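J.:
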Amino acid sequence: MSNVNALLNRLKPTRTISGVVPIAIMVEPVACPFNCTYCPGGKKTNTPKSYLPDSPVVLRATPLNYDPYRQVVARIRQYEALHHPVSKVELIVMGGTVTSLPESYLTWFVGNAFKAINDYPLVGSGSIESPDIEYEHRRNEKARIRVVALELETRPDFARPRHIDLMLRLGFTRVEVGVQSIYDDVLRRVRRGHGVKEVIEATQYLKDAAYKVCYHIMPGLPAQRLIGTSRWLRPYSVTQASCPTA
Ligand code: SF4
480 MSNVNALLNR
490 LKPTRTISGV
500 VPIAIMVEPV
510 ACPFNCTYCP
520 GGKKTNTPKS
530 YLPDSPVVLR
540 ATPLNYDPYR
550 QVVARIRQYE
560 ALHHPVSKVE
570 LIVMGGTVTS
580 LPESYLTWFV
590 GNAFKAINDY
600 PLVGSGSIES
610 PDIEYEHRRN
620 EKARIRVVAL
630 ELETRPDFAR
640 PRHIDLMLRL
650 GFTRVEVGVQ
660 SIYDDVLRRV
670 RRGHGVKEVI
680 EATQYLKDAA
690 YKVCYHIMPG
700 LPAQRLIGTS
710 RWLRPYSVTQ
720 ASCPTA
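Counting the sequence shown from 1 gives a position; our numbering is that position plus 479.
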């Protein structure tokens, strides 16, 4: 009966019913090296590229100055306030082309996110300058809250072997690849800056490194609409087959 009561008290129980709690955190707004025609956000709105100021994760990250430590602590506290048990975490790093960010920044960001999880509930006031990421990875093996998945989002041409080496070092386990369309003409029209060849290569590189790979697809792109429904539905069914969480 106590289990039933706990479930009834929990808001949005499906969010954590698998036992894994998703914690999405956002990198700070910096310029993306690309300029896809449909992409919102960026310097104009002081948000990471591809996110609007009213996106939930932006609303949570902005008052915390995009500090990874504080974002993680605040999110765990929110879940606990809503009666969600937090013991296994899927950490999701959002913010456009994450692997285009400097290696030193990403190492700092992920290291502090891990440190926050390991410190919880005896937390500090925020991120420290030089977290030891290898130490925090080892520490997490025995922490009260364990990171069971670490995900980022990026473009296919930023999932090359040198990016994958960094992802492996930082402990990433899953990559959401911004495929958007599997048609070169559509990608050209939205000034995506890469083609289908790069999607195929990125998928191969990531799979060779034993990564879980998700495709992000945009069926509503203007150029795609001209092509017709049947043509964009085909890549969607491919996506469903390739995404472990779909
Ligand atoms: S690569 Fe991604 S973040 Fe950058 S402009 Fe294109 S859609 Fe936006």
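The beta-carbon is built from N, C-alpha and C at its ideal position, and this holds for glycine as well.
The structure displayed is predicted, hence computed values, not measured ones.
For ligand 1, enumerate in chain order all residues having a CB closer than 6 Å to any of its heavy atoms.
T.: Here the residues come out as Cys511, Phe513, Asn514, Cys515, Cys518, Lys528, Ser529, Gly575, Thr576, Arg634 and Gly657.
J.: Under the three-state reduction of DSSP, which class applies to Pro600: helix, strand or coil?
T.: The count along the sequence shown starts at 1 and reaches residue 600 at position 121. Correct three-state label for Pro600: coil.
J.: Please state the DSSP three-state secondary structure of Ser721.
T.: Taking the first residue of the sequence shown as position 1, residue 721 is located at position 242. The predicted position of Ser721 is uncertain, since its pLDDT is 44 and thus under 50; no value can be drawn from it.
J.: Does the beta-carbon distance from Leu570 to Leu629 come in below 7 Å?
T.: Position 91 of the sequence shown holds residue 570. Position 150 of the sequence shown holds residue 629. Yes.
J.: Alpha carbon to alpha carbon, how far is Tyr684 from Lys621? Give it in angstroms, no decimals.
T.: Numbered from its first residue, the sequence shown carries residue 621 at position 142. Numbered from its first residue, the sequence shown carries residue 684 at position 205. Cα to Cα, the separation comes out at about 31 Å.
J.: Which ranges would you report for the alpha helix (DSSP H) in the segment 576-659 if only whole runs of at least 4 residues count?
T.: You should have 582-598, 612-619 and 640-649.
J.: Going by beta-carbon coordinates alone, are Asp633 and Thr682 separated by less than 7 Å?
T.: Locating residue 633 in the sequence shown gives position 154, where the first residue counts as 1. Locating residue 682 in the sequence shown gives position 203, where the first residue counts as 1. Per the sequence presented here, residue 633 reads as Thr, with Asp not at that position. It is not a contact, given that the beta carbons lie outside the stated cut-off.
J.: Are the beta-carbon atoms belonging to Ser606 and Pro542 less than 7 Å from one another?
T.: The residue labelled residue 606 in the question sits at position 127 within the sequence shown. The residue labelled residue 542 in the question sits at position 63 within the sequence shown. Against a cut-off of 7 Å, the Cβ pair of Pro542 and Ser606 comes out as no contact.
J.: With hydrogens ignored, establish whether the beta-carbon of Pro527 is closer than 6 Å to any heavy atom of ligand 3.
T.: With respect to small molecules bound, the structure shown includes ligand 1 and not ligand 3.
J.: Quick one: residues in its chain with C-beta nearer than 8 Å to the C-beta of Thr652, no 5 flanking neighbours on either side, listed in chain order?
T.: Start at 1 with the first residue of the sequence shown, and residue 652 comes out as number 173. The residues are Ala628, Leu629, Glu630, Tyr690 and Lys691.
J.: Taking Leu538 as part of the alpha helix (DSSP H), name the residues at either end of that continuous run.
T.: Along the sequence shown, read from residue 1 onward, the residue named residue 538 stands at position 59. From DSSP, the alpha helix (DSSP H) with Leu538 extends over Pro535 to Ala540.
J.: Tell me whether the segment 591-598 and the segment 524-537 touch, counting them as touching only if at least three CB pairs, one residue from each stretch, are closer than 8 Å.
T.: Too few Cβ pairs lie closer than 8 Å, so no.
J.: Please confirm whether His563 and Thr495 have their CB atoms less than 7 Å apart.
T.: Indexing the sequence shown from 1 puts residue 563 at position 84. Indexing the sequence shown from 1 puts residue 495 at position 16. For His563 and Thr495, yes; Cβs fall inside 7 Å.
J.: Within 10 Å of its beta-carbon, does Glu613 have 16 or more other beta-carbons around it, so buried, or fewer, so exposed?
T.: For the purposes of this step, residue 613 is identified with residue 134 of the sequence shown, where counting begins at 1. Classification of Glu613: exposed, given that the 10 Å Cβ count is below 16.
J.: Give every residue of the same chain whose Cβ lies closer than 6 Å to the Cβ of Gln550, excluding the five residues on either side of it in the sequence, and list them in chain order.
T.: By one-based count along the sequence shown, residue 550 stands at place 71. Excluding residues within five positions, the ones whose Cβ falls inside 6 Å are Ile504, Ala540 and Leu543.
J.: List the DSSP bridge partners of Lys691.
T.: Residue numbering aside, residue 691 sits at position 212 when the sequence shown is read from its first letter. Answer is Arg653, bridged to Lys691.
J.: Starting from the C-beta of Ala688, find all residues in its chain whose C-beta is less than 7 Å away, skip the five residues before and the five after it, and write them out in chain order.
T.: On the sequence shown, residue 688 is found 209 positions in, with the first residue counted as 1. Hits under 7 Å: Ile643 and Leu647.
J.: Excluding the 5 residues flanking Ala510 on each side, which residues of the same chain have their C-beta closer than 8 Å to its C-beta?
T.: What you label residue 510 is simply residue 31 of the sequence shown in a count that begins at 1. If we look at Ala510 and ignore the five residues flanking it on each side, its Cβ neighbours are Gly521, Lys522 and Lys528.
J.: Indicate the three-state DSSP secondary structure (helix, strand or coil) for Pro527 in the structure shown.
T.: Here residue 527 refers to the residue found at position 48 of the sequence shown. If DSSP states are grouped into helix, strand and coil, Pro527 belongs with coil.
J.: Spatial neighbours of Arg671 within its chain, please: C-beta separation below 7 Å, excluding the five flanking residues on both sides.
T.: To locate residue 671, count along the sequence shown from 1; it is residue 192. Closer than 7 Å at the Cβ level, and outside the excluded window around Arg671, lie Cys515 and Gln659.
J.: Residues in its own chain within less than 8 Å of Lys491 by CB, not counting five upstream and five downstream?
T.: The sequence position of residue 491 within the sequence shown is 12, counting from 1. Counting only Cβ-Cβ distances below 8 Å, and skipping sequence neighbours, we find Leu561.
J.: Can you have a look at Arg554 and say buried or exposed, based on whether 16 or more other CB atoms are within 10 angstroms of its CB?
T.: For the purposes of this step, residue 554 is identified with residue 75 of the sequence shown, where counting begins at 1. Buried, since its Cβ has 16 or more Cβ neighbours within 10 Å.
J.: Buried or exposed for Tyr558, going by 16 or more other Cβ atoms inside 10 Å?
T.: As a first step, residue 558 is located in the sequence shown; it is residue number 79 there, counting from the start. With 16 or more other Cβ atoms within 10 Å, it is buried.
J.: Who are the Cβ neighbours of Glu733 in its own chain at under 6 Å, not counting the five residues just before and after it?
T.: With the chain running from 480 to 725 in the structure shown, residue 733 is simply not present.
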